[in-house]
Amino acid sequence: MTVHVFSRILRFTIKHKRTFSLIFLCCLSSFYVEAQNDRPEQPAPDTARIVTLDSVVITGSRLRRNNTYQYTLNEIKPLVTVLGEQDVLRYIGTLPGVSQGMEGGLGFFVRGSNSGNNRFTLDDVPVYGNTHLFGLFSVFSPDIVENVNFFSGKLPASSGDFLSSLTQISSKNPDTESYHGNFSISPFLVGANLTGDLVKNKLSFQVAGRYSLLSQEIRLLESMLEMEGDIVPEMADLYVKLHYRPHANHTLNASGYYSNDYFKFENSNFSSPNFAENWGNKIFRLSWNWSLSDSLQLNTMAYYNRFFTVQKQQMFNNNVLDKEFRMQTALNEQALHSTLNYQMGNRKVAVGLQSMRREIYPASRKIYTGNRDTESNNVQSVNPPSSAVIITAFGDYEYKYKSVTASAGIRESYYRIHDYHSFDNNIHLALSIELSKKNGLELSYDRFSQFYHVLEGLPVGWNLDLMIPSDKQFQPEKAQQFYVGGFQTIQQFFLSLGAYYKNMKNLASYKNPANIFSIQDNWRDEVINGKGTSYGLEFRGERSGEDWNASLSYSLSKTDRLFKEINNGEKFPFKFDRRHILNFTGQIRTRQRQNGKQYFSLSSSFSSGHNITVPIAMYMGVEPPFWSWQLSNDLSIKEQENAMYRQLMSDVNGYSLPYYLRIDVGYGFLHTWKYFTSECTIGVFNVLNRQNPYLLFYDEGQWKQLSIFPLIPSIKWSLEF
Amino acid sequence: MMICGFLRKTGTGLVLILLTACVKELSYNIDGAILPVVNCVLSNDTVQKLTLTQSVRIDEAYGFKEIRDAEITLWADEAIAGRFERTGYATWQLHYQPVIGQAYRLTVKLADGTELTATTTMPADNRIVPAWETDHYPARHFRQTTAENPCWIFVLSNRNGEIDTEHPSLSDKSLLRYALGTDHPSVDRFNEDETASDLVERISVPVSLRYIRTQPSDITGEGILFSVQTNYSGYDFVYFRTASAEYDQYLKSSCRKLIAYEDEDDPIQWFNEDRVYSNIENGLGIFAAYSDRFIYYHYNFFIYYDSTRIFPDIAFYD
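So the protein sequences, as listed, match chains A and B. Here the first sequence is numbered in our numbering, starting from 1 and rising by one per residue. Here the second sequence is numbered in our numbering, starting from 722 and rising by one per residue.
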């Protein structure tokens, strides 16, 4: 498990109606608990005696730090999503330094990096296909999530192979004493979760799954949408965990995770091809935690991780399957990690070794001719898989002296693929100075490497982007990031302000935007290397409380890219270089009863528009060879027009769209019975029904604007037992 | 909403996202660019043509104004190869046959003092000869022994046999073939379309639309044997157009842009940000060069017509 290199104080309040005699202290520096007693103050006893308390209020305070955010399901509750599903990744979009891609999508651009530079892990296993439904919500069911750590800087050396942010999702440990679970349903998803003990206090399990109802609903809508065929979207995920504790010092966990998205379009009369897209994850993980002593722990983990996307087209001749084309991008990983954690007094040390074998299928194409069932299949395949080995040694050291906490991490990796190999070192340095108990300064430096490239198409955060391995032609991506900031705690408020600078190199991008819609199996001719820089200011304010909590984030930033063959080799703005980003989330308890409560949620998102390239002029062109020697009725009018004339495009990303503004509201009803708790949440995404511009284009003699999501209501009901 | 048309490009994913999307018209003032535009592509003809116009704002009608007052000079190194003369609305020409391997510069001096310039080099033909011994429908075979420059291959078919076989030339009954494929090892697959493969019976290679582009490469030994497959009618002109670097970039970027507009209803064109190549300094357009040669197949024999030779080669095959 990753060692956190900074100290936090967690504030929470617990009220107990029962009498108890225990007050506890938490470790991990300055975590304190304030116990309150409803009785009148008693004089100090001359001798020790047992005091029975009627009720106790324990109050702790959480002190946030810059660059790093830990949150639980409580923090994500105020967020209203498009589909009404709680989403642990959606919260990231509200943090400073994070620019969103397409509205409603989970494509995040953190401090100027690409969306594919972010890393998402589930119990330290990377999850490459982290979204469902083309980026609309994440694959991480809230039922399995204990907490989430988000790092935009000051990263632990135990994690690497990414260039931007790290989102560590920790799963819950199954209940070792009793059974409980929950069931939830919304118009789009049905989900269930069950956890319990198989052997009391020794062996326990958790099973959680979700399944979409979209395919059934779309069938109902088919007639309204005038579809010529059938669209069948299916989505599911399943998580299983076994937790075994044979001894107080030994813990074994085995877990499996499966997610699958499948979308199919079938023509009813075989006149046009059938299409299908499929992607998913399969993860198997084993871990062993051995507490050698109170201060020394050994964590060992092995995993198998498979991520794939497949696009398929079937063509028919006389209603018989004639040809099938398949394009696959896949990634298979097998890894073994071992980390030794040592903590003594004001020192923390973590050292470890990791070895990984990664196989990438970068746009492997197969063409089947004839009936698949016969022996006369002709299978042509291109782009065989590439196999890489990554061996890593790392170490993290943290030392706290009085009000100063210094940490240093180094991660040395050996990467080999085909005839290319490289040594890369990542360095993470941080200094935190508490000027007083309530404020301080923070400085950090991070150096990253990423050993694969994600060629991004639409910024939806979907999983259909092409992944290619780093090699001689496209070397590992690298970045350096500097951060300086300060933080202040005022009662229940936490404020932070900081500035960052980041430079990146060996970024991979398509030369031509046309490739964003199709994975080309000749991608080597279509991809180039380039650089990027980003700098900005970030502000965050939070208030955590029992009755209401809120957060406000603001970013002011600038991000550029430089590619030799794009924009005539001149620097151009990054597509999601949103100059201003302002996010607010809040939740207030409107009613509290003995067996329930109600709450109102409000969130707003304001940002500068993203950047686009638009046509600004038309001019006479040279027709392609013998263009007019075709049957004219075979050509569309626009095709003919673009053969004769040419469009002059603006500078790359030379225009900024108007600002983006969205307000979401939600209301929740929580009711507790003896054995059950039910919760119903109603939400409205984009309550203003503002048509936020996503795209500006010129069509049919008119400028037009494309907006993605209007006002969308949602409802979800869950039952917990 | 009719979905079927654009699924070929975007797949089902964009469908679901656009289910809730809305498009509205708006007034948008965008700074247009009114620039001089010159188009001149040198060929192995004896007459070279050029157009000189102005661009228009994207939201204006496509009435391209000509630029009438200009001095247009073609330079071969530092010597004047010739001056273009105006022959019609926006149209200029020069009687000159370019020399293979020669570097050319075009200068256009406008009345307001603006000077447009561009350079190109007349490419040497890639040496490609028929390898008819292995021909079988729908494939014609060829052997390539040089590939210094990019090559664009396309096929024009006559719908009947009314061709003068001693001096074959295109007629008004010739049609550009829409779907064709090749197994050339250096083929550029940028315009491949799997869904078009059913347009060519028994084709065994991926299908490209209208044109096949092959990349330059080093060829040693006996050369590369490759096929071009399409629906040959029996009266076919197989063209090999060797392109200068400028013409190659211009043509590829133009064809790539066209792909987005194949289907009138396809919203993929809304997202199109492709740029067409231009090498005109202080203006727009293209100054480039190409060299054509073709092989004419007449049912059971072919005529190998080398544009640089006076007499064609003729061979018979069964």
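Ideal Cβ placement from N, Cα and C applies to all residues, glycine included.
Alpha carbon to alpha carbon, what distance is there between S553(A) and F487(A)? Distance between the alpha carbons of F487(A) and S553(A) is about 14 Å.
With 8 Å as the threshold, decide whether the Cβ of Y414(A) is near any Cβ in chain B. Answer no: the Cβ-Cβ gap between Y414(A) and chain B never drops below 8 Å.
Short Cβ contact (8 Å threshold) for G196(A) with Y179(A): Yes, they are a contact pair.
For S152(A), three-class secondary structure by DSSP: Three-state result, S152(A): coil.
Distance between V389(A) and Y414(A) (C-alpha atoms, nearest Å): Roughly 8 Å separates the two Cα atoms.
List the residues of chain A whose Cβ lies closer than 7 Å to the Cβ of D672(B), in chain order. Nothing about residue 672(B) can be reported from this structure: the residues present for chain B run from 722 to 1039 only.
Here's a check: name, in chain order, each residue in its chain whose Cβ is nearer than 7 Å to the Cβ of E375(A), leaving out the five neighbours to either side. Low local confidence applies: a pLDDT of 43 at E375(A) is under 50, so the model's placement there is unreliable, with the coordinate-based value given in what follows. Excluding the 5 residues flanking it on each side, E375(A) has no same chain C-beta neighbour closer than 7 Å.
Would you mind sorting R962(B) into buried or exposed? The rule is 16 or more other CB atoms within 10 Å of its CB. Label assigned to R962(B): buried.
Report the neighbours of W629(A) on chain B: residues whose CB is nearer than 8 Å to its CB, in chain order. For W629(A), the chain B residues whose C-beta falls within less than 8 Å of its own C-beta are L877, L891, S895, L896 and L897, listed in chain order.
Within a Cβ cutoff of 6 Å, which residues of the same chain sit near Q475(A), ignoring the five residues on either side of it in sequence? Residues of the same chain with a CB within less than 6 Å of the CB of Q475(A), apart from the 5 flanking positions on each side, are N506 in chain order.
Looking only at its own chain, which residues have a Cβ that is under 6 Å from the Cβ of F263(A), when we skip the five neighbours before and after it? Take F263(A), set aside five residues on each side of it, and the residues of its chain with a beta-carbon closer than 6 Å to its own are P233 and E277, in chain order.
Under the three-state DSSP convention, the category Y502(A) falls into: The sequence given here places Lys at residue 502(A); Tyr does not occur at that position. The answer is strand: DSSP assigns K502(A) an E or B state.
Nearest CA to the CA of V207(A): which residue from Y258(A), I169(A) and D560(A)? The residue with the shortest Cα to Cα distance from V207(A) is Y258(A).
Neighbour-count burial assignment, S601(A), 16 or more Cβ in a 10 Å radius: Here S601(A) is buried. Its C-beta has 16 or more other C-beta atoms within 10 Å.
What does the alpha-carbon distance come out to for the pair E85(A) and S678(A)? Using only the alpha carbons, I get a separation of about 16 Å.
Reduced DSSP category for Q475(A) - H, G, I as helix; E, B as strand; rest coil: In the structure shown, Q475(A) sits in coil (DSSP, three-state: anything other than H, G, I, E or B).
Could you work out which residue in T855(B), P819(B), I980(B) and P859(B) is closest to D919(B) when comparing CA atoms only? Comparing Cα positions, the closest option is P859(B).
I want to know whether the region 569-578 of chain A touches the region 607-622 of chain A - three or more CB-CB distances under 8 Å. The answer is yes - the region 607-622 of chain A touches the region 569-578 of chain A, with three or more Cβ pairs under 8 Å.
Who pairs with G944(B) in a beta bridge, going by DSSP? DSSP lists no beta-bridge partner residue for G944(B).
Taking three-plus beta-carbon pairs below 8 Å as touching, is the region 587-594 of chain A in contact with the region 858-875 of chain B? Touching, no, given that fewer than three Cβ pairs across the two stretches are closer than 8 Å.
Whose Cβ in chain B lies nearer than 9 Å to the Cβ of D664(A)? Simply none; closest approach about 15 Å.
Using a cut-off of 7 Å between C-beta atoms, extract the partners of E915(B) located in chain A. From the beta-carbon of E915(B), the residues of chain A found nearer than 7 Å are Q313 and F325.
Checking contacts by CB at 8 Å: is K722(A) closer than that to chain B? It is not possible to answer for residue 722(A), since the shown part of chain A is limited to 1 through 721.
Restricting to runs no shorter than 3 residues, where is the beta strand (DSSP E) found entirely within the region 630-663 of chain A? Runs of the beta strand (DSSP E) inside the region 630-663 of chain A: 645-649.
Contact with chain B by W523(A), beta-carbon distance below 8 Å: Any Cβ of chain B closer than 8 Å to the Cβ of W523(A) would place that residue at the interface, and such an atom is absent.
Identity of the residue in P757(B), S929(B), A800(B) and A845(B) nearest R789(B) by Cα: Out of P757(B), S929(B), A800(B) and A845(B), P757(B) has the C-alpha closest to the C-alpha of R789(B).
In chain A, which residues lie with their C-beta within 7 Å of the C-beta of F992(B)? Under a criterion of Cβ atoms nearer than 7 Å, the residues of chain A adjacent to F992(B) are, in order, L695.
Per-residue DSSP class, three states only, for N870(B): The answer is coil: DSSP assigns N870(B) none of H, G, I, E or B.
Do you know offhand how far I933(B)'s Cα is from E799(B)'s? Across the structure, I933(B) and E799(B) are spaced so that their CA atoms are roughly 36 Å apart.
Quick one: Cα of E266(A) to Cα of D230(A), how far? Looking at the two C-alpha atoms, the distance is approximately 5 Å.
Sequence ranges, beta strand (DSSP E) only - wholly within the region 870-950 of chain B, length at least 3: Those beta strand (DSSP E) runs which fall completely within the region 870-950 of chain B and span 3+ residues are 872-879, 895-897, 900-903, 928-930, 933-935 and 945-950.
For F721(A), three-class secondary structure by DSSP: When DSSP states are grouped into helix, strand and coil, F721(A) belongs to the coil group.
Could you give the distance in angstroms between the alpha-carbon of A363(A) and the alpha-carbon of R561(A)? One C-alpha to the other measures close to 26 Å.
Residue burial classification, W873(B) (beta-carbon count within 10 angstroms, cutoff 16): Result: buried.
Say whether chain A places a C-beta atom closer than 8 Å to the C-beta of G902(B). Not closer than 8 Å to any Cβ of chain A, the Cβ of G902(B) fails to qualify, so no.
Spell out the partners DSSP gives D957(B) in its beta bridges. Paired residues: S878(B) and Y1018(B).
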